[in-house]
Each structure stands twice: as structure tokens, then as C-alpha cells.
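Take a look at the structure below.
Numbering (our numbering), first residue to last: 1218 to 1487.
This is the structure in C-alpha cells:
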């Protein structure tokens, strides 16, 4: 899966942070009643990493993990793995580019649960990779309770991801999701049984998965493929192919950059 260089990712994060601060300052001027909230969440922080840690901690804290401790954990994870913040910035830009309901970078960072849940998963995934499985499971449970979707901390997810609306999304333990993928609510990347080490789908770069689609088993979805809403996918899907139905079969012609365009209509042979 393609990855950007560390230099380009860092400069991208800095640019996103500058834009986010401008958006927050403008919003604070337009809506003074939220000025204190915007200052706490964004404007008083010197770096994107600090603002991200603060925002995630405020969402993930619970009776067992207060906000200060949660913030310490997030900052520890980002310090150990700077790509967490870099991916968070890339995810935010992806949402702004693909979601017509997104007015600025403020909406995903402050309010969009798909974005916030994905960044919480990234912290849980770091904990998992460090062998801190109990803590990772605790965050997985908290994310599920708080945002209404379930991402196993062992799953591998790239950058530039948009999980739109996000309610009832499920991503299983051995799932792999490439870069620049878009998926909508009620998507399941699930297994078909309890045997085998690899039980879940492998999603290529640039794939679009429509609302309610179920992709099941250790199958491969090729790059820039498109899965129609409500489909049940049980077999490999070639790159640039659109599939639909139960079970899903190829329909229409080849597709290009579906995750970026979010084009979900297609012509059938009928």
C-alpha cells in the first residue's frame, strides 16, 4: 500500500493545523457562546498533536479512565508513533474533500463520530502493538459505547479514510483497509467462521463501500473497486470493478476513483 514520505506527511500536518486554527478562530468570532469551547479544544494548543490528544481524551474518558489520564495515554502513543497524528490530519482532509456536508475542518475534528472513532482506534491499535491488549480492549469498548461502531484494535487501517455517518460500522480483528478508502454507515468487514488466523477482508486502496454492505471472509477487494449499498460480498472483487447484490456480482462498467468521487450510481445491463 503506498505511503507518503515522513517529510510530506509532516508538512501536511502543519498545513492542516494552520487551517484548523483559522477555522476555529473564525467560528469563535461568529459564535461567541462557543468561544471558550473552541479555545480549549483548539486555539490554546501549540500543536495539532496536543489538540488531538485533548479532543480524544474528552471523548474517551469514563469512570475508569479520567480525562487527564486518557490524555496522557494519547500523547504517549503519538510521541511514540508520530504517524498517528499524520494519519489523523490526512483523514480530516479526506472528509473535507469527499463529504459535501462538511463545511470546514472543524466539523470532523470536533463533531464527526466516524472521524473521532477512527482516531480513537489508532490509539487502541498502538496499545495493541505494544502488547497492552487489556487497555486496547478497554478503548475499543469505550469507542463502541461512545460512537456506536466497533473497530477491533488489531485491524490494520491506512490513511485518508472517510467513515461517513459511521453508525453500526464493524471492522473485524484481521481486517486490512488500505489508503484513501471511503465507507458509509452499517458497513461490516466481518468473518464467516471461527477457524483460521485470517478471517476478515483485505480492502485495497481507493475502495468505496456503500451503506449497509457486508464484506465477509478472508477475501480481497481490489483497488478502486466499488461495493454497492446493501450488498453481501463473499468472493474476491477485481480492481476497478463495481459489484452489487446478494450475493454480490459484477455490474455496470469499470469505475475510477470511487472513494474520492463518492459516485454510487451505476448502469446495469438490463
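Note that beta-carbon positions come from the ideal geometry of N, C-alpha and C, so glycine has one too.
Candidates the options: closest to residue i by CA position
{"i": "residue 1374", "options": "1411, 1319, 1234 and 1300", "result": "1300"}
{"i": "residue 1337", "options": "1321, 1320 and 1366", "result": "1366"}
{"i": "residue 1369", "options": "1308, 1310 and 1394", "result": "1394"}
{"i": "residue 1383", "options": "1307, 1377, 1297 and 1405", "result": "1405"}
{"i": "residue 1468", "options": "1408, 1454 and 1242", "result": "1454"}
{"i": "residue 1312", "options": "1302, 1354 and 1379", "result": "1379"}
{"i": "residue 1277", "options": "1359, 1295 and 1325", "result": "1359"}
{"i": "residue 1296", "options": "1245, 1334, 1340 and 1372", "result": "1340"}
{"i": "residue 1438", "options": "1322, 1414 and 1466", "result": "1466"}
{"i": "residue 1413", "options": "1403, 1425 and 1391", "result": "1391"}
{"i": "residue 1290", "options": "1303, 1267, 1310 and 1309", "result": "1267"}
{"i": "residue 1304", "options": "1293, 1319, 1269 and 1483", "result": "1269"}
{"i": "residue 1416", "options": "1372, 1484, 1272 and 1280", "result": "1372"}
Same chain, Cβ closer than 6 Å to residue i, five either side skipped, listed in chain order
{"i": "residue 1432", "result": "1406, 1418 and 1450"}
{"i": "residue 1481", "result": "1427"}
{"i": "residue 1352", "result": "1344"}
{"i": "residue 1397", "result": "1377, 1422, 1423 and 1476"}
{"i": "residue 1342", "result": "1370"}
{"i": "residue 1330", "result": "1364 and 1383"}
{"i": "residue 1236", "result": "1322"}
{"i": "residue 1287", "result": "1274, 1277 and 1278"}
{"i": "residue 1272", "result": "1258"}
Coil, strand or helix - residue i by DSSP
{"i": "residue 1249", "result": "helix"}
{"i": "residue 1239", "result": "helix"}
{"i": "residue 1431", "result": "strand"}
{"i": "residue 1339", "result": "helix"}
{"i": "residue 1395", "result": "coil"}
{"i": "residue 1467", "result": "strand"}
{"i": "residue 1461", "result": "strand"}
{"i": "residue 1309", "result": "helix"}
{"i": "residue 1379", "result": "strand"}
{"i": "residue 1472", "result": "coil"}
{"i": "residue 1328", "result": "coil"}
Neighbourhood of residue i by C-beta distance below 7 Å, restricted to the same chain and skipping five residues each side
{"i": "residue 1306", "result": "1229, 1230, 1233 and 1265"}
{"i": "residue 1275", "result": "1284"}
In DSSP terms, what residue i is bridged to
{"i": "residue 1367", "result": "1387"}
{"i": "residue 1437", "result": "1419"}
{"i": "residue 1454", "result": "1438"}
{"i": "residue 1425", "result": "1399 and 1443"}
{"i": "residue 1405", "result": "1387 and 1431"}
{"i": "residue 1449", "result": "1431"}
{"i": "residue 1373", "result": "1393"}
Cβ separation of residue i and residue j, assumed to be a contact under 8 Å, to the nearest whole Å
{"i": "residue 1172", "j": "residue 1327", "result": "Residue coverage of the chain in this structure runs from 1218 to 1487, which leaves residue 1172 outside it and unanswerable."}
{"i": "residue 1452", "j": "residue 1436", "result": "6 Å"}
{"i": "residue 1386", "j": "residue 1400", "result": "7 Å"}
{"i": "residue 1443", "j": "residue 1459", "result": "4 Å"}
{"i": "residue 1389", "j": "residue 1409", "result": "Going by Cβ atoms, the distance from residue 1389 to residue 1409 rounds to 10 Å, so no, they are not a contact pair."}
{"i": "residue 1430", "j": "residue 1446", "result": "6 Å"}
Contacts around residue i, its chain only, beta-carbon distance under 8 Å, and the 5 residues preceding and following it disregarded
{"i": "residue 1260", "result": "1238, 1241, 1242 and 1245"}
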